[in-house]
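Top line first, the protein sequences correspond to chains A and B. What the first sequence shows, in numbering that gives the first Met the number 0, is residues 0 to 430, in sequence order. What the second sequence shows, in numbering that gives the first Met the number 0, is residues 0 to 281, in sequence order. Positions of the beta carbon are idealized from the N, C-alpha and C atoms, including for glycine.
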Amino acid sequence: MIRHPYRAKRRTLLTGATAAAALGATAACGDDGPAGTAEDPINISFEWWGDEARAEITQEAVDLFQKKHEGIKVRTNFSDFPTYWESMTTRMAGKDLPDVLNMDYSRLLQFGSNGMLMPLDGLVDTSDFLEGFLDTGYVNDELVAVPIAGNTLGLLYRSDWYGQAEVDLEAGYSWEDYHRAIQDVTASLGDEQWGGGDFAGQYHFMELWLRQQGGSFYTEDGTALNFDKARLIEWWSMNEPLHAEGAVPPISVSSQWAPENGFVLDKIGADLGWDNFLAWYAPAVAENGGTLTLAAPPSLDPGNLGLYLKPSMQLCIAANSEFPEASAKLIDFLLTDPEAIAILGTNRGIPATNVGRENVEIDEVSQQVLDYEAEVEQYLTSPPPPPPSATGSIEVKFAEIYEQVLYGELATADAVDTFFTEAETLLAAEQ
Amino acid sequence: MIPWIIGTAVLTVGPMAWSLYLSFTDYHLIRGGEWIGLQNYTAIFDDPMFYRTVRVTLLYVLIAVPVKLVASLLVAILLSQHRRGMGFYRAAFYMPSLIAMSVGVALIWKALFSNGGVQDGIMSSFGWEGGGFLGNPSVSILMLVLLAVWSFGAPMVIFLAGLMQVPQELYEAADVDGAGRWSKFVRITLPMLSPVIFFNVLMETVGAFQLFGPAYIIGGESGAPAWSTLFYTVRIYTLAFTDFRMGYASAYAWLLVLAVGLVTVIMFRAAKRLVFYAGEDR
């Protein structure tokens, strides 16, 4: 059994807090909870997912917050995306969530509909958000999450490699065009480098592909998958030829890149992804002597790219929080304090508030993301309803089972059967 | 007695009874559930993941337990000699078992067996092309077997104690009869040691069925690569704490209890024929 470091720490802190409270009680004669002063501060916790670089700037902003609010102490913790959610779901069961937590749209309903999140209306300052950004924060007509930034899908690619191989990704190109591009670029590269990665294991990309056909991943009420087995067979067979000729990295290689990434490691030339990931990968690619650029994703229909504006990350307050006001102060500070915004920059995406947009320093990379979002704005359609509670698990299963196909452990049709069984069971268990 | 009874009731018997009850419900960790009779149990036998995880777990038990026991017996024999500094060696060989189940060692293990890691480097120079065990589903379970073998301390100490108990006059009598090393080992050491061997086999088998920590850290919830380290216990954990299907996970857990119980009964039956207790009529 893994002991989460945070838990152990929390215990000791709680013991310490109890002792401190006992001491305080003898001094103050009857004290219910910390006073929220520098001598007797309120302790709240804040956790997010991300890498070291993100942790550094976030900690810097939190330190500034603590300086400005002397009565509030913030304990912070972070981990990578999968570990973060493993920890959060486990702690959700124990109603032991951090006061302020990072939320992802795909998990919002799982936490929100189970009463794990505190309603934010009247608690958090919501007056300054850009239009449309708050829409994705509602569960059962209650605002439970506020966005840090918005993002949308795109194709991230190495324009230096693609230029060298004389491959063009003209807007409106098809999935076949993209396949050919990967093959051509891979052919022009050396060993252990590939023109693109295998994208079929991420349900977000299949959702994009389904939206391009006017479909969706889940039915409107979120109780079932909205596609049949044949569709999934088609999707999961799509990259077979690329694997056959070695145009994409084999799974035994790419599975060992985590927690790094094919772009950062100078291994792959293109991949579908969220546009704000550019800020994460582009500096590393530049260090490797390359240039990373954004293009619209491939599409079945040049008039329908399937894109929508999604909150890239949201902030929530746990329902089990003892100090919602202090937690709300931290959220307000991170989203609307000009100094905090300057520190946090565009690491999590271009800010979702007006004051954020005015105060953030738009560097070259962020400008590229802004330009890209302006370019595809005409294609943005309304977002799907928050995905069902089981989405987190389904997302993991989707990747896991596609991996079986890549390893040759399951035939595609069997893998699709397995996925449907698993997904249907998970969806049923949540109803 | 009272503290012990309270501890056992609150921390062991109570939760076990509760989980037995849950296994007959569709209990959702957040939303609760209702009595559904045997549905969980029947559903398990229709669950393809059940058979996969059973296969992985059995494979591990069948490889890890014998290899670990043979290794620990051999080392115990080496360490049963009377030489200078033997105390140090015994401590040194016991040491890994103290830390083997820790998170840190599992992480080091991961690094050792990744592509371009130590194992890949050594084996590649002998013409191996399978890369690191970490990314190769056909051999990845060996990582966990090796971790188990490396931590042979507990059975080794028990073997060592058993070896010390073998009466020296038996070996002396055998020497007089002109018996060689091998026949002394097979005819004296092994029979005299058989109760200890039985104990170790039992403990290690029961333990191996429940392996969780290292498997979870090395393979994660998905039993990477390609479900090849998806142990039964990891599946229980995922069902309970990621999917929140506590009722179903409890049924999974109780099947494990039944299976381990069954294996233990079979072993005791077999032990009646195979184990020799000194002073017994044969």
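Below 7 angstroms between beta carbons: does that hold for residue i and residue j?
i, j, result
"residue 37 of chain A", "residue 343 of chain A", "no"
"residue 239 of chain A", "residue 225 of chain B", "no"
"residue 105 of chain B", "residue 217 of chain B", "yes"
"residue 248 of chain B", "residue 239 of chain B", "yes"
"residue 351 of chain A", "residue 52 of chain A", "no"
"residue 295 of chain A", "residue 166 of chain A", "no"
"residue 114 of chain B", "residue 131 of chain B", "yes"
"residue 429 of chain A", "residue 373 of chain A", "no"
"residue 160 of chain A", "residue 184 of chain A", "yes"
"residue 123 of chain A", "residue 330 of chain A", "yes"
"residue 215 of chain A", "residue 224 of chain A", "no"
"residue 246 of chain B", "residue 21 of chain B", "yes"
Roughly how many angstroms separate the alpha carbons of residue i and residue j, rounded to a whole number?
i, j, result
"residue 273 of chain A", "residue 211 of chain A", "17 angstroms"
"residue 235 of chain B", "residue 145 of chain A", "34 angstroms"
"residue 262 of chain B", "residue 88 of chain B", "35 angstroms"
"residue 340 of chain A", "residue 383 of chain A", "29 angstroms"
"residue 19 of chain A", "residue 40 of chain A", "Note on residue 19 of chain A: pLDDT 46, under 50, position unreliable in the model; the coordinate value appears next. Using only the alpha carbons, I get a separation of about 11 angstroms."
"residue 35 of chain A", "residue 319 of chain A", "19 angstroms"
"residue 186 of chain A", "residue 246 of chain A", "8 angstroms"
"residue 211 of chain B", "residue 233 of chain B", "6 angstroms"
"residue 55 of chain A", "residue 48 of chain A", "12 angstroms"
"residue 99 of chain A", "residue 332 of chain A", "12 angstroms"
"residue 44 of chain B", "residue 200 of chain B", "29 angstroms"
"residue 111 of chain A", "residue 116 of chain B", "43 angstroms"
"residue 371 of chain A", "residue 293 of chain A", "7 angstroms"
"residue 82 of chain A", "residue 50 of chain A", "12 angstroms"
"residue 416 of chain A", "residue 186 of chain B", "56 angstroms"
"residue 287 of chain A", "residue 197 of chain B", "59 angstroms"
"residue 309 of chain A", "residue 227 of chain B", "35 angstroms"
"residue 103 of chain B", "residue 298 of chain A", "46 angstroms"
"residue 202 of chain B", "residue 418 of chain A", "37 angstroms"
"residue 198 of chain A", "residue 234 of chain A", "10 angstroms"
Starting from residue i, trace the alpha helix (DSSP H) both ways and give me its first and last residue.
i, result
"residue 239 of chain A", "239-243"
"residue 73 of chain A", "Per DSSP, residue 73 of chain A belongs to no alpha helix (DSSP H); it is in the beta strand (DSSP E), 71-78."
"residue 370 of chain A", "363-375"
"residue 41 of chain A", "Residue 41 of chain A -> not in any alpha helix (DSSP H); beta strand (DSSP E) instead, spanning 41-48."
"residue 129 of chain A", "Per DSSP, residue 129 of chain A belongs to no alpha helix (DSSP H) and is neither H nor E."
"residue 390 of chain A", "390-405"
"residue 213 of chain B", "212-218"
"residue 180 of chain B", "180-183"
Classify residue i: buried if its beta carbon has 16 or more other beta carbons within 10 angstroms, exposed otherwise.
i, result
"residue 14 of chain B", "exposed"
"residue 104 of chain A", "buried"
"residue 106 of chain A", "buried"
"residue 34 of chain B", "exposed"
"residue 168 of chain A", "buried"
"residue 178 of chain A", "buried"
"residue 152 of chain B", "buried"
"residue 214 of chain B", "buried"
"residue 181 of chain B", "exposed"
"residue 86 of chain B", "exposed"
Mapping DSSP to helix, strand and coil, what is residue i?
i, result
"residue 34 of chain B", "strand"
"residue 98 of chain A", "coil"
"residue 317 of chain A", "strand"
"residue 303 of chain A", "strand"
"residue 226 of chain B", "coil"
"residue 309 of chain A", "strand"
"residue 148 of chain A", "strand"
"residue 244 of chain B", "strand"
"residue 143 of chain A", "coil"
"residue 24 of chain B", "strand"
"residue 294 of chain A", "strand"
"residue 107 of chain A", "helix"
"residue 224 of chain A", "strand"
"residue 47 of chain B", "helix"
"residue 174 of chain A", "helix"
"residue 116 of chain A", "strand"
"residue 93 of chain B", "helix"
"residue 166 of chain B", "coil"
"residue 17 of chain B", "helix"
"residue 138 of chain A", "strand"
How far does the beta strand (DSSP E) with residue i in it extend, from its first residue to its last?
i, result
"residue 156 of chain A", "152-157"
"residue 131 of chain B", "Run containing residue 131 of chain B: none; DSSP gives neither H nor E here."
"residue 269 of chain A", "269-273"
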